[in-house]
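Reading through the structure tokens given below for one structure.
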Amino acid sequence: MATEIRVPSLGESVVEATVGQWFKQAGDAVTADEPLVELETDKVTVEVPAPASGVLAEIAVKSGETVAVGGVLGAISEGDGKAKPAKPKLQPASSDLAMAEATAIADEPSLRAPEAPPTEAKELEREPMRREEVSGDETPPSPAARKLLAEAGLGAIDVKGSGRRGQVLKHDVPAKAAQALLARERKPKAPLAPRAPLAPDDASREERVRMTRLRQTIAKRLKEAQDTAAMLTTFNDVDMSAVMELRRDYREAFEKKHGVKLGFMGFFIKAAVQALKDIPAVNAEIDGEDIVYKNYYHIGVAVGTERGVVVPVLRDADRMSLAEIETAIADFGARARAGKLALEEMQGGTFTISNGGIYGSLLSTPILNAPQSGILGMHRIEERVRMTRLRQTIAKRLKEAQDTAAMLTTFNDVDMSAVMELRREYRDAFEKRHGVKLGLM
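In terms of our numbering, the sequence shown opens at residue 1 and continues consecutively.
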């Protein structure tokens, strides 16, 4: 009897993945829970373990192919791998069949999402209904479900709700979203303009490499951000002399005390948090016809890897010390380069910081990390009167140009305050109390 290897749940709103490397070949012996195959999602790489011990009887989806959540990747049969087992009849995980599989999985009692627990039901009862969303006897979807519906391009009418009075809840959406996505993929796409013919000598010297799932997603989302937000970039200079002096005087003591290097990003994050508190319009996003102001500060830090750029999020950065921030950044960087970041660690950011200075960049116009409203780009430090360049990209649709100018003014004023532990609150940070402010005393 064969045991199917299926794509596990990959996180909220993730409905498909691309198969990466298979660690075993058909006919190899496998042990329960050992890694069998890598799956690439939009942001992370996930290893799928063997559901049972035996022989890898068949690989149904090859490397580079796409498979839906719940789709069949292969099968494991009983045996020790010495004799090549007969291949069980498995349906290929093509896009035509994946939609049917997703429907079957959603309808299967053992895999069906559980009904909302009593606590969630009580919260939904207390939730006020928005007048513009209610028509007659209709019940609006829950806030979490509404967000998933918007991401999937669906309406509440497209999903059968399991909540009170047919309300669509969060767990009702993923299966329908998977079906909708696969249905859209099946539609014939407009043909792309053919490439101009190449000279024979040039064609022989070209190499075509398929983009990874991550790079495809980066390209898609950056283009979407440009198409949906009226972005404005402004530039300003910041005097980094105090930071340079502080790092020179306390770098060794800081690393000895906390076990992590004293970098620049901790100061940038401290400054950004203070500025966001002063200018709350930037720490916000648009949700339909509403502006949602975030009274918390989850700062995304762009990290470059061989696979592409990922943005892990420091949650509640305003509550973190400089040492905690630097430790978290070092951990994120190491795990990002190893492809070990969890999907939830890259979700929920309210603002993003990118440090192009590590690549020697002097100027750039960073693109928004939607649905955020601002991104801060830090660049190379130069030996001159004012040393590093700072730019702030703001979604113009969310605030007026004067808010952008105020944000830049705020950064210009508080960045040194952050370097001095935010000038107004920590006036003595660069005097005799450096050690106290850095957690060294």
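Just so you know, even glycine gets a beta-carbon here, dropped at the ideal spot from N, CA and C.
The structure presented is a predicted model; accordingly, all values stated were derived computationally and were not measured.
Check: Proximity to Arg165 [Cα-Cα], best of Gln347, Ile5 and Thr139; Outcome: Thr139
Check: Cβ pair count under 8 Å reaching 3, the region 142 to 149 against the region 159 to 177; Outcome: yes
Check: Close-in-space but distant-in-sequence residues of the same chain around Val310 (CB under 7 Å, 5 per side omitted); Outcome: Lys43, Val303, Ala336, Leu341 and Met346
Check: Under the three-state DSSP convention, the category Thr350 falls into; Outcome: coil
Check: Sub-8 Å separation of Ala17 and Ala32 beta-carbons; Outcome: no
Check: Own chain residues within Cβ distance below 7 Å of Gly155, not counting five before or after; Outcome: Leu149
Check: Counterpart residues of Ile299 in DSSP-defined beta bridges; Outcome: Leu314 and Phe351
Check: Identified DSSP bridge partners for Gly79; Outcome: Beta-bridge pairing links Gly79 to no other residue.
Check: Between the CA atoms of Ala144 and Val14 - distance to the nearest angstrom; Outcome: 14 Å
Check: Buried versus exposed call for Ser157 [16 or more other C-beta atoms within 10 Å across all chains shown]; Outcome: The identity of residue 157 in the sequence shown is Ile, whereas the question assumes Ser. So Ile157 counts as exposed.
Check: Buried versus exposed, by CB contacts within 10 Å (16 or more), Arg384; Outcome: exposed
Check: Enclosing beta strand (DSSP E) for Leu36 [first to last residue]; Outcome: Pro35 to Glu40
Check: Sub-8 Å separation of Ile381 and Gly357 beta-carbons; Outcome: yes
Check: Pairwise C-alpha distance: Arg319 and Thr234; Outcome: 29 Å
Check: CB contact flag (Ala229, Leu368, <8 Å); Outcome: yes
Check: Cutoff 6 Å; reference Lys261; Cβ partners in own chain excluding five residues on either side; Outcome: Glu255
Check: Start and end residues, beta strand (DSSP E) containing Arg6; Outcome: Thr3 to Arg6
Check: C-beta contact flag for Leu272 and Phe351 at 8 Å; Outcome: Just to set this straight, residue 272 is Ala in the shown sequence, not Leu. In this structure, Phe351 lies closer than 8 Å to Ala272 by Cβ.
Check: Neighbourhood of Glu4 by C-beta distance below 7 Å, restricted to the same chain and skipping five residues each side; Outcome: Val72 and Ala75
Check: Simplified DSSP state of Met244, which is helix, strand or coil; Outcome: helix
Check: Buried versus exposed call for Lys160 [16 or more other C-beta atoms within 10 Å across all chains shown]; Outcome: exposed
Check: Whole-angstrom C-beta distance between Tyr297 and Leu276, which should lie under 8 Å; Outcome: 6 Å
Check: Limits of the alpha helix (DSSP H) - the one that Pro49 falls within; Outcome: Here Pro49 belongs to no alpha helix (DSSP H); instead the beta strand (DSSP E) covers Thr45 to Pro49.
Check: Leu276 - containing alpha helix (DSSP H), residue span; Outcome: Met265 to Asp278
Check: Own chain, CB closer than 6 Å to Lys293, minus 5 neighbours either side, in chain order; Outcome: In the sequence on display, residue 293 carries Tyr and not Lys. Contacts found: Pro280 and Ala284.
Check: C-beta contact flag for Val19 and Val37 at 8 Å; Outcome: yes
Check: Three-state class that DSSP yields for Val173 in the structure shown; Outcome: helix
Check: Alpha carbon of Glu289 to alpha carbon of Asn295, nearest angstrom; Outcome: 19 Å
Check: Straight-line Cα distance separating Thr41 from Leu325; Outcome: The sequence as given places Ile at residue 325; Leu does not occur at that position. Roughly 27 Å between the two C-alpha positions.
Check: C-beta atoms of Gly349 and Gly300 nearer than 8 Å; Outcome: yes
Check: Reference Glu344, options Ala26, Phe23 and Arg315, closest by Cα; Outcome: Arg315
Check: Other residues of its chain near Gly266: CB distance less than 7 Å, five sequence neighbours each side excluded; Outcome: Leu322, Ile325 and Glu326
Check: Boundaries of the beta strand (DSSP E) in which Thr18 is found, first to last residue; Outcome: Glu16 to Trp22
Check: Assigned secondary structure, Gly377 (DSSP; H/G/I helix, E/B strand, else coil); Outcome: strand
Check: Near the ligand SAH: Leu169 beta-carbon under 7 Å from a heavy atom; Outcome: As presented, the structure is devoid of all ligands, the ligand SAH included, so that no description of it is given.
Check: Ile59, DSSP secondary structure in three states; Outcome: strand
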